[in-house]
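Engineer: The structure follows.
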Amino acid sequence: MAELVAEFEQSRDPDSTELGRQFNQLQRTIVENKDILSCNEGAKSINRLKNHYKDILPYDKYRVIVSLDNDSDYINASFIEDLYGYRRYIAAQGPIDTSLIDFYHMIWNFQITSIICTANDVEAGRMKFRRYWPDDEESLQFGPYHITKDPSNDKCYSCNDYEIRSLIITRGEIQRHVLLYHILHWFDHDIPNDEPSILELLLRVYQDRHSSTDSPILVHCSAGCGRTGSIIAIDLCRLLLNDEHLFFSKDYQPYAVFKIASHIRQFRIALIQTPKQYLFVHKMFVFMMKIHENILLCSISNNNENQTLDSTLTTKLSPPSTISTSSRRQSGPLQIRLRSPPIGRRLFNGSNTPSPTISPSENFSSPSKSSSLNDTPQTPEPPPIPPHFLQLNTTTNHRADQFIHSDEITSKTKCNYSQSRNLRQKESKLSKHIRSDSADSYSISSLTNHHQQQQFSNEQEAYSD
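Numbering-wise, my numbering comes out as the position in the sequence shown, counting from 1, plus 21.
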């Protein structure tokens, strides 16, 4: 994998490289999916003004349906399933003036508690989306929703690469809390400056989410495709690496990133939009694989005893941290340690799908196989209530190379998803077991000394993401 990344970066003709051919193969799925999946709802005249870009519309089969007071239930957003068939993400267009209230309707209706924003509202003098959180203002009002800042939340955080904002959304007498994870320097068609900050942000998302929270994670950029698809693919790569059985299965070998990219493109057009973004997903995959390798080697050398995640990564990947243990935020029985802001940074004063069926041919010269999607377009269904996991043959005997929370469910445990469509029914809490999306697979504090190590090439032109 690392060799493929190096070949792509050093080549004068990236399209001729292995990754270039994979991306070209991936692009064919756009045409194939358009032949199978309709986008009729987004193309209706009543909904056209809600689209920022006329060529980026959600597939009818996977679009998010919101309950609105007018004649339309449309918003430019799509459900994205993870590797186990669970609707883990909503990939959305950034809100614009004509869709801002709808955007908050979606957040409210699906009880969103985590938002990942991968763009800035204005980039190079152009509006990418309408800012929907208070900045200099004390509060904002969008229709029935009153939005205020919550600086007292100890999860608020700011560094050079991203900020975590805590928002309070009030409708009538009800208040809800939402955490906004804002990546500051990921510009249109481009990629971030380094891998550790992206991984660190994802770890914070999962650590901050309550164990009983199974609402989707809302991810958006401007159009909801390029940067949005990249961050979702990176997170799915992380989940795949946490599930050893799935990782080594024939479904994801030998082209794991390609198959993940093909998988998410079943649900929304152009997720991962440029070759450079596809390269960055590979770089993140290599980065996370190296971390797993170091954890495994260190665990074996210590006979799986007296080994902690922080000590493993600090020894293998970076010089000893000078940040005191007492100054770090902790969570879970294994005490994942989050870095405190270094000097110059500030704290706010203040929270299975069916496995991919598209696989590249040996030389990527022929069109990909047909998608496994149903040939008959289906009428959009109301989104299901988040799943409730059953306790089935799970083990609590932790190995040193797992680094998992005791209250999470193992990826090897089969899931029985509720068929109920009623989002307002009382949600039961997750059983206290192990799940594959554990944030404990990496240490945030150990990533501190790896910031700003990798530099990437300049922006590549394509339509807006």
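The beta carbon of each residue, even a glycine, is placed where N, CA and C say it ideally should be.
Source: prediction; values computed, not measured.
DSSP three-state call for V302: helix, strand or coil?
Structural biologist: Here V302 sits in helix by DSSP.
Engineer: Taking the straight line between their C-alpha atoms, what separation do you get for I190 and L78?
Structural biologist: If I take the Cα positions, the gap works out to 28 Å.
Engineer: Measure the alpha-carbon distance for N370 versus S173 and round it to whole angstroms.
Structural biologist: Model confidence at N370 stands at a pLDDT of 41, short of 50, so the residue's coordinates are unreliable; what they give is reported in the following sentence. Going from the Cα of N370 to the Cα of S173 covers about 6 Å.
Engineer: Just to confirm before moving on: does the CB-CB distance between A19 and L47 stay below 7 Å?
Structural biologist: Because the chain is modelled from 22 through 486, residue 19 falls outside the range shown and cannot be assessed.
Engineer: So the beta strand (DSSP E) K280 belongs to, where does it begin and stop?
Structural biologist: No beta strand (DSSP E) contains K280, which is instead part of the alpha helix (DSSP H) from 277 to 285.
Engineer: So the alpha helix (DSSP H) Y83 belongs to, where does it begin and stop?
Structural biologist: Element bounds for Y83: n/a, residue is neither H nor E.
Engineer: Measuring CA to CA, which of Q298, M309, H284, F268 is closest to L223?
Structural biologist: The option with the nearest alpha carbon to L223 is M309.
Engineer: What's the C-alpha gap between F306 and D215?
Structural biologist: About 13 Å.
Engineer: What are the start and end residues of the beta strand (DSSP E) that includes E184?
Structural biologist: Here the beta strand (DSSP E) through E184 covers 183 to 192.
Engineer: Is the CB-CB distance between F289 and A112 below 7 Å?
Structural biologist: One point to set straight first is that residue 289 is Arg, not Phe, in the sequence displayed. A contact, by the Cβ cut-off of 7 Å.
Engineer: Pop quiz: R186 and H210 are said to be a contact at Cβ under 8 Å. What is the actual Cβ separation, rounded to whole angstroms?
Structural biologist: About 25 Å; that fails the 8 Å criterion.
Engineer: Residues in the same chain with beta-carbon distance under 7 Å from L267, minus the five sequence neighbours each way, listed in chain order, please.
Structural biologist: Around L267: L104, L261, Y273, S432.
Engineer: How big is the Cα-Cα spacing for R42 and I285?
Structural biologist: R42 and I285: Cα-Cα distance of roughly 19 Å.
Engineer: Apart from the five residues on each side of it in sequence, which residues of its chain come closer than 7 Å, Cβ to Cβ, to R366?
Structural biologist: Caution is warranted here: a pLDDT of 35 is assigned to R366, below 50, making its placement in the model unreliable, and the coordinate value is therefore given only provisionally. Excluding positions up to five away in sequence, the list reads S179, C180, N181.
Engineer: How long is the line joining the alpha carbons of S160 and Y166, rounded to whole angstroms?
Structural biologist: So the two alpha carbons sit approximately 10 Å from each other.
Engineer: Could you compute how far the alpha carbon of D256 sits from the alpha carbon of I219?
Structural biologist: Using only the alpha carbons, I get a separation of about 10 Å.
Engineer: For the candidate residues G245, L239, T50, S32, whose alpha-carbon lies nearest to that of F280?
Structural biologist: Residue identity check: residue 280 is Lys in the sequence provided, not Phe. Of G245, L239, T50, S32, the residue nearest in Cα terms is T50.
Engineer: Where H206 and E62 are concerned, what is the direct C-alpha to C-alpha distance, given to the nearest angstrom?
Structural biologist: When rounded, the distance between both Cα atoms is 33 Å.
Engineer: Taking the C-alpha atoms as reference points, what is the distance between K311 and E158?
Structural biologist: Looking at the two C-alpha atoms, the distance is approximately 44 Å.
Engineer: How long is the line joining the alpha carbons of G245 and I195, rounded to whole angstroms?
Structural biologist: Cα-Cα distance, rounded: 29 Å.
Engineer: Using the C-alpha atoms, what's the distance from I67 back to P155?
Structural biologist: If you take the alpha carbons of P155 and I67, they lie about 29 Å apart.
Engineer: Taking E102 as part of the beta strand (DSSP E), name the residues at either end of that continuous run.
Structural biologist: Element bounds for E102: 95 to 102.
Engineer: For L40 and Q287, I'd like the C-alpha separation in whole angstroms.
Structural biologist: Whole-angstrom Cα-Cα distance: 20 Å.
Engineer: Do the CB positions of L121 and F150 come within less than 7 Å of each other?
Structural biologist: Contact: no.
Engineer: Identify whether T249 lies in helix, strand or coil by the three-state DSSP scheme.
Structural biologist: Helix at T249.
Engineer: Determine the DSSP secondary structure at K149, reduced to helix, strand or coil.
Structural biologist: The answer is coil: DSSP assigns K149 none of H, G, I, E or B.
Engineer: Looking only at DSSP bridge pairs, what is I111 linked to?
Structural biologist: Answer is F100, L239.
Engineer: Short check: CB of I101 to CB of I293, under 7 Å?
Structural biologist: It is not a contact, given that the beta carbons lie outside the stated cut-off.
Engineer: Could you pull the start and end residues of the alpha helix (DSSP H) that I219 belongs to?
Structural biologist: Segment 217 to 229, the alpha helix (DSSP H) holding I219.
Engineer: Between which residues of its own chain and R152 is the CB-CB distance below 6 Å, once the five residues before and five after are set aside?
Structural biologist: Cβ neighbours of R152 beyond the five flanking positions: D142.
Engineer: Please classify A421: does DSSP put it in a helix, a strand, or coil?
Structural biologist: Here the model assigns A421 a pLDDT of 34, short of 50, so the residue's position is not dependable, and the following value carries that caveat. Looking at A421 - three-state DSSP - the assignment turns out to be coil, as it is neither helix nor strand.
Engineer: Using the C-alpha atoms, what's the distance from G193 back to D264?
Structural biologist: In a straight line, the C-alpha of D264 is about 43 Å away from that of G193.
Engineer: Could you tell me the alpha carbon to alpha carbon distance between D34 and T249, rounded to whole angstroms?
Structural biologist: Cα to Cα, the separation comes out at about 26 Å.
Engineer: Which term fits Y27, buried or exposed, when burial requires 16 or more other beta carbons within 10 angstroms of its beta carbon?
Structural biologist: Here residue 27 is Ala; the residue named in the question, Tyr, does not match the sequence. Exposed is the call here.
Engineer: Can you tell which of V278, Y80, S251, G106 has its C-alpha closest to the C-alpha of C60?
Structural biologist: Cα-wise, what sits closest to C60 is Y80.
Engineer: Using the beta-carbon count (16 or more within 10 Å), is A23 buried or exposed?
Structural biologist: By the neighbour-count rule (16 or more Cβ atoms within 10 Å), A23 is not buried but exposed.
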